[in-house]
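Notes to accompany the following structure.
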Amino acid sequence: MKIDCKSIDNIPIIEVVENSTVGMKLIKNVIKLFDGNLLFNSSNVFKSTLKRDDFSGAHFIELKDENLLNDTFYLPFKENSVTAMELPSTGTVQTFITARMNGCSFYICRNLFTKKIVVCHANAINSSADDVKSVKDLVNKSPNWQSFNTQKSLARMMDIFSEKYKSKGNLQLLRSLYKDEYFKIVNHASNFYYLIKSIPSNDAVNFIGGTIVIGFRKNNKWSFYYQTIMNTNNINIKNYKLNYKIIESKKFFEEY
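Going by the working numbering, the sequence shown opens with residue 623, and the numbers climb by one from there.
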């Protein structure tokens, strides 16, 4: 289903994604829940692959589709838009995943009418492009840097979305996840940020940071984790070999 709205402040149609599922057999294979923490038994998490990002020149992680089972709610992203999904509190599907985030924001809300969790993925790539005039400018920024203009655009998009969603119920914001939080750890991982500042910008764009949000439902309640990955595959900086690895896995919201 779609909630149509005219372009406001250069924000296109905002849409609500139906509760369709894509399977993630690999979630069951590589993730274990232990004492409330996520443990990973494979460095190749989510059977991901490397792609090329045309905007920043950076590599990023992209999920593969093959051999998937219908056991996971999947929320895609749409450029310069908010996508959203209302998650059921019962049923056979008990996992959720959203598209890779590299500057997007993620919101967890409650529909005060249905009492269900509503998850939102907001993208403001146009604002980001306006803030960064060149790859060199981007490289000189901290990995978790996000301009005030972009933050303002994301907040404005959510305000519009909440207003348009009122036909389904008023939304109560429970938790926000922004780039400055989920990329904060990148600044400290293996001193990578400090190494990368000293090399030419055409090499430095190989920096990778990517975050995926995962949700699990247990006893009719949802918990959400984010997983941040740093990938430096086949890159050698000053004879210091950096490996593709998960640098942080953290629970950031639990429904009560």
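For every residue, glycine included, the Cβ atom is placed at its ideal position computed from N, Cα and C. Quick caveat: nothing in here was measured; it's all calculated off a predicted structure.
Separation of residue 725 and residue 744 (C-alpha to C-alpha, rounded to the nearest whole angstrom) is 9 Å.
The closest CA to that of residue 796, considering only 695, 850 and 728, is found on 728. Rounded to whole angstroms, the separation of the alpha carbons of residue 844 and residue 732 is 11 Å. The DSSP-derived three-state label of residue 711 is coil. Between the alpha carbons of residue 720 and residue 847 lies a distance of about 11 Å. Residue range 801 to 804 is occupied by the alpha helix (DSSP H) that includes residue 801.
Within the same chain, 734 come within 6 Å of residue 792 by CB-CB distance, once the 5 residues on both sides are set aside. When beta bridges are read from the DSSP output, residue 841 appears opposite no residue. For residue 732, the enclosing beta strand (DSSP E) starts and ends at 727 to 733. Rounded to the nearest whole angstrom, the CA to CA distance from residue 711 to residue 738 is 7 Å. Annotated as distal: residue 741 and residue 832, with beta-carbon spacing of 9 Å or more. The C-alpha of residue 806 lies about 19 Å from the C-alpha of residue 776. Counting only the Cα atoms, residue 803 lies some 12 Å from residue 849. Between residue 790 and residue 706, the alpha-carbon positions lie close to 12 Å from each other. Per DSSP, the continuous beta strand (DSSP E) segment holding residue 718 begins and ends at 717 to 720.
Just so you know, the alpha carbons of residue 877 and residue 702 end up roughly 28 Å apart. Within a 10 Å sphere around the beta-carbon of residue 801 sit 16 or more other beta-carbons, which makes this residue buried. Across the structure, residue 841 and residue 713 are spaced so that their CA atoms are roughly 11 Å apart. By the 16-neighbour rule on beta-carbons within 10 angstroms, residue 717 is buried.
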